[in-house]
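The numbers in the sequence shown follow my numbering, run straight up by one, and end at 1327.
C-beta: ideal position from N, C-alpha, C; glycine also.
Read through the structure below, which is laid out as structure tokens, and then see the notes.
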Amino acid sequence: MFRFTHTQTPLKDAITAAYRLDEAVAVQNLAGTLDFSQAQKDSIHALARSLITQVRADRSKSSGVDALMHEFSLSSEEGVALMCLAEALLRVPDNVTRDKLIRDKLADGDWKRHVGHSPSMFVNAAAWGLVLTGKLTTDVSDDSMASALTRVLQKGGEPFIRGGVNYAMKLLGKQFVTGQTIDEALSNGKERERLGYRFSFDMLGEAAMTQADADRYFNDYVNAIHAIGKDAKGAGVYDGNGISVKLSAIHPRYFRSQHKRVMSELLPKLKALFLLAKEYDIGLNIDAEEAHRLELSLELMEALVSDPDLAGFAGIGFVVQAYQKRCPFVIDYLIDLARRHNQKLMIRLVKGAYWDSEIKWAQVDGMDGYPVFTRKVHTDVSYLACAKKLFLAQDIIFPQFATHNAQTLATIYEMGKELDFEFQCLHGMGETLYDQVVGDKLGRRVRIYAPVGTHKTLLAYLVRRLLENGANSSFVNRIVDEKVSIDELVVSPLDEINLNQITPNPLTPNPRHIYGERKNSWGVDLSNEHLLAQLQENMTMASGIDFNVSSLTHYRVAHAPAFTVLNPANHKDVVGQVAFMKPDGALEVIGAATAAQKKWQKVSPKERADMIRAFADLMEEPKRMALLMMMAVREAGKTLPNAIAEVREAVDFCRYYADECERLNLNTPLGTVVAISPWNFPLAIFVGEVVSALCAGNTVVAKPAEQTSIIAHLAVSWLHEVGIDTDVLQLVLGAGDVGGALTADERIDGVIFTGSTDVAKRINTLLAKRSDNPVLIAETGGMNAMIVDSTALPEQVCADVLASAFDSAGQRCSALRILCIQEDIATHMIEMIKGAMDELIVSDPGLLSTDVGPVIDGDAQTNLLEHINTLKQTSDYHEVRVVGGEHGTFVAPILFELKDLSQLKKEVFGPVLHVVRYRTHELDDIIDSINNKGYALTHGVHSRIDGTIEHVASRIQAGNVYINRNIVGAVVGVQPFGGHGLSGTGPKAGGCFYLQRLSRLDSWNVPTLDKPATTYDDTVTSVMNVAQSVGVNLDDTIKTARQRALNHAQTTLKGPTGEVNTLSWHAPHSVALTSGALDKALASLVVLALNGTKAHITPEHELASYANELSGVLEVMEQENVDKNTIIVALSELAVHEKVRLSELDGAIRRVIDATDNFDMARLYHEISQSYNTTAAGGNASLMASA
């Protein structure tokens, strides 16, 4: 049924097997192939020392970049600010935003301390320029700088500053880019050519997002090959200039999942470039990219080398990365490929340029290791071992060694005596080193990798170079650092490692252990052919199971006749048979659950936690994981990546809640909890609800959505398998009538519900009719927005918008519904998104190539199409084509451009994106429009201006805020998920308060804080004065309240590298305070005052007579206005009719906080999770520095 993979040769298998090889084993194997005589070691040592000594002597004569990198290293705030500014400034079209960006990045830097430190005039000029602009973007108060010059500059105003910084950024860009056009680059390179250098030109640009991008880049390569070829005048592959091609630039879907398209669309384009290069006899190298593309690139290479049209052409080149553990096996394969076809190849050996990204992706994806080495020294060993392999294949390989490390250079020089090869370096970075090598110095050819492109296109490349070489651990940085001794720099990597004690970098923990003791969930690498083959076999086997399921209850209950479950993507595929329980069976089910309460409560927190962890381990077993994935695909319409994420989130919930259960030592449960879960996350949310309640010691009756009963049945049967009794956990299958019967039973103590706001409110009203206070945790929907300003990187925004709006067919609570783009970039941005949408594959989710699957059923499809067809009448739109969806419930992803947000009346739960434009001065208006929708779930910001990010984050109403990344896929314990207002009641799932809400506790345990709470002592004083006047002592109350205050406090949560995840708490602006004893009222009021929350009361309230003295914290108003509050602090038991009245009010669910015995402020806070992609501006500075 499933077809993901294809057969491989033994050499290809060896490559795949080494994908994430154990680092110690890999390094030992590589080091074992290297053996240098003492004479060789002496020669290497002497040459390296000579080279470094000369580089240091020539520093002041260098192009300036070596010195710039040293002066503004990534260990300084200024270095990071400079990088951020360089990354964004030149692409910003409007002056208002440019000025904001300059102020944001330069205002806080201590630029003056860099002036005069460097012998390089370039660095000092840059530093002086930054001093001046930095000074002018703050208040001028320092008299040490010449005041006359300051006045002159001030007269120039912001246009002067903007022009100066623009010029500085372009100057910086010139250091790294050979020319803005290929003709300019060829001309600029002539001086270097006369010294003996040759070039491999690279046409700059981001990976193509659209077919139009790919076509443009392809034409750039064609034009460049013509220009280089004509200029070469027949010099030949080795003696003339060449070109390098980035495959992701010439095809918008260069991924393993799109194998068929790559081989049928990209390969012909690539062959055309090679034929053109052959015509001119110039070299063409396929550039190395991310690890997940490596084996796909080898398939392209196989096709090219075996093509008779390219036979005898010596200019076919391929780049391999020594930091990848697969590198030596790739070289073995390429040598074999060349010999099989008698085709000489150029192989460029580099150390690798995506290290920080590879580390992050492996952590995020839950891999079983890294594809790259975690220590630079291990990469250096790999480089030498791979070089040796290349030297041993002189008959068929022309090696090209790219390095800026003098020790590596000296070693390669020694290894390659009497052999044919060339060195390579990056333009603007290696010349001071290679000037000593080229021509008659050491007699070796040196080729410069030379980027070509406009200042706008160089940004991403520029920052990558700044990052790699600004890191303190970088050789380019250390070679010019006089504080680093030459003795240190000439040490051989073989002498630096201890073969018996090779360990990975402890600062880069295994992806499995990034959360400390809690294990990260396993992922599945969909670019690994071996894992794909195993997954294919296991999922196909699972598809053969005959599923015929009914409720799993302690006592047998009556069921309606079974019905057939059909695959939403293909109604011809029968998934199984499901029988629903009759609603009257709820009585017996609840009876069994309540009878089991004491038994389950006696099980210790540790025993409960261990059972839940055992269940998590079961779900990760390959065959069981494949079974769950198969069911997610066929029953819920999940794509393969979504199916993996579904299982992983369920596993993460189990381990997180198990740890919380033990940490809090919970043993005071509510009693019996009904858990009602949705179809959009049929395993993850279902498991999260169930295991949270179980961990807290509650017995559970679980009712999954009617559309996704089978996967829930699997989960509950496995929970029973690990030792949870059938009366402690029962599964009830049914439709809304069964859910209604369960929630109406007055013996239950709580309900966890995820679904629509309307149903949540109906459940709330049911519970309000009771004399006690059952708990309701409701997570409902969102009208989630993303705000994009003109500093954002368009390609990054485009990828994040597609993931946020259309992944899971838009059927996520967190999905992006509203995209707000600054007017100055909107037209270009929208066109890019439309073009990228056209590349989406909307089809059967069982195919690896599918990006977007079906919506869940016919009802969902009908509702969505009704909204779409209505909006088509009034708005411009762009719609994607569906491939073969006639037997399923598909809705084509669609983008509408709205005039304003008033056109969007309700949450639209599907692949529908609504776009609005805004002008810079309208930012607050657009935030208000979003907030006025009443939801507060997720929100995104794309900007490089910290001030803008802080402003939006402080004003937007959202429980989860995402910065410079997508807004979906919240990770348990890292980005606790949930909102407020129409989006739910809280607390956040996967957060520190969730289990506590499912327990009977006088007060909640508050987390350890990184940033203390903000409190308001002035309003506290007024309450204390009134209390004193009536003889109420609040000293202990306020002391405890200060210790437990969380308003605007913050804690940082462990997560993957390259992002900062924080959890903070915001006290509500106001609450309704019901009547009660005066001492209780004042005790609650003083805690509210401390947190900056106003109490709204009616004129009859016992505090009303003190309104004048308490004006800062108390407002008296009529009931109608008091009722606008969504939080009610109840100082005394509310009558049932009052609770029902509150539950029936319009808008958000009213949360009643019981303060009859004790007022716990922790229950009132809005929890705000913020996830900041710190690598958005080009890379991970802190990680790079740790390698």
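Report task. Under 7 Å Cβ to Cβ from P745, same chain only, skipping five residues before and after it: list those, please. Result -> C801, E802, N805, L806, N807
Query - CA-to-CA distance, I981 to D991, given in whole angstroms - result: Computed Cα separation, rounded: 5 Å.
**Report entry** Cutoff 7 Å; reference L675; Cβ partners in own chain excluding five residues on either side
**Finding:** F144, V664, A766
Query raised in the report: If you draw a straight line from the C-alpha of G921 to the C-alpha of L1077, how long is it?
Result: 7 Å
**Report entry** Best match in I917, M721, M1301 for proximity to D1142 [C-alpha to C-alpha]
**Finding:** M1301
Query - As assigned by DSSP and simplified to three states, the class of R887 - result: coil
Query raised in the report: Mapping DSSP to helix, strand and coil, what is T147?
Result: coil
Requested in this report: Indicate whether R753 and C835 have their beta-carbon atoms separated by less than 7 Å.
Outcome: no
Requested in this report: Could you pull out every unbroken beta strand (DSSP E) segment of at least 3 residues lying fully inside the region 1136-1169, listed in chain order?
Outcome: none
Query - Euclidean distance between Cα positions of E657 and F755 - result: 17 Å
Query raised in the report: Is DSSP giving W1205 helix, strand or coil here?
Result: strand
Report task. Measure the Cβ-Cβ separation of R338 and N381 and say whether it is below 7 Å. Result -> A contact, by the Cβ cut-off of 7 Å.
Query raised in the report: How about V232: is its C-beta nearer than 7 Å to some C-beta of chain C?
Result: You won't find chain C in this structure, because it holds only one protein chain.
Query - Boundaries (first-last residue) of the alpha helix (DSSP H) holding D1064 - result: First-last of the alpha helix (DSSP H) with D1064: 1063-1071.
Query raised in the report: Any idea which residues DSSP pairs F893 with across the strands?
Result: I816, A918
Query - Cut-off 6 Å between Cβ atoms - residues of its own chain near K240, not counting five sequence neighbours on either side - result: I1085
Requested in this report: Could you check if E669 is buried or exposed, using at least 16 other CB atoms within 10 Å of its CB as the buried criterion?
Outcome: buried
Query raised in the report: Going by C-alpha distance, which of H1241, R196, T1125 is nearest G620?
Result: According to the sequence as given, residue 620 is Val; it is not Gly. Per the Cα distances, R196.
Report task. Starting from L474, trace the alpha helix (DSSP H) both ways and give me its first and last residue. Result -> 467-480 is the span of the alpha helix (DSSP H), which, as asked, contains L474.
Query - Backbone secondary structure at F458 - three-state DSSP - result: It is a strand residue.
Query raised in the report: With C-beta atoms as the reference, is A1316 less than 7 Å away from N1104?
Result: yes
Query raised in the report: Which residue spans inside the region 1169-1252 form an unbroken beta strand (DSSP E) run of at least 3?
Result: 1190-1193, 1199-1206, 1210-1213, 1234-1237
Query raised in the report: Does the distance from the CB of V915 to the CB of G890 come in under 7 Å?
Result: yes
Query raised in the report: Quick one: what does DSSP say A1270 is sitting in, helix, strand or coil?
Result: strand
Report task. Count the other CB atoms, across all protein chains shown, that sit within 10 Å of the CB of V715; report buried if there are 16 or more and exposed otherwise. Result -> buried
Report task. Measure from the alpha carbon of E554 to the alpha carbon of each residue in R584, T572, C565, then state which is nearest. Result -> R584
Query - Exposed unless 16 or more other CB atoms sit within 10 angstroms - verdict on A783 - result: buried
Query raised in the report: Shortest alpha-carbon distance to R189 belongs to which of L573, D153, T1214, V830?
Result: L573
**Report entry** Contact between the region 928-936 and the region 1120-1134 (3+ Cβ pairs under 8 Å)
**Finding:** no
Query raised in the report: On the three-state DSSP scale, how would you describe A1076?
Result: strand
Report task. Write down every uninterrupted run of the alpha helix (DSSP H) in the region 758-824 whose length is 4 residues or greater and which is fully enclosed by it, in chain order. Result -> For the region 758-824, the continuous alpha helix (DSSP H) assignments of 4+ residues that do not extend past its boundaries occur at 762-776, 780-804, in sequence order.
Report task. Quickly, what does DSSP pair F339 with across the bridge? List them, please. Result -> I588
Query raised in the report: So, helix, strand or coil for I642, using DSSP?
Result: coil
Query raised in the report: Where do the N-terminal and C-terminal ends of the beta strand (DSSP E) with H185 fall, by residue?
Result: No beta strand (DSSP E) contains H185, which is instead part of the alpha helix (DSSP H) from 178-197.
Query raised in the report: Any idea which residues DSSP pairs I1034 with across the strands?
Result: E1019, V1052
**Report entry** Opening and closing residue of the alpha helix (DSSP H) in which L170 lies
**Finding:** 163-171
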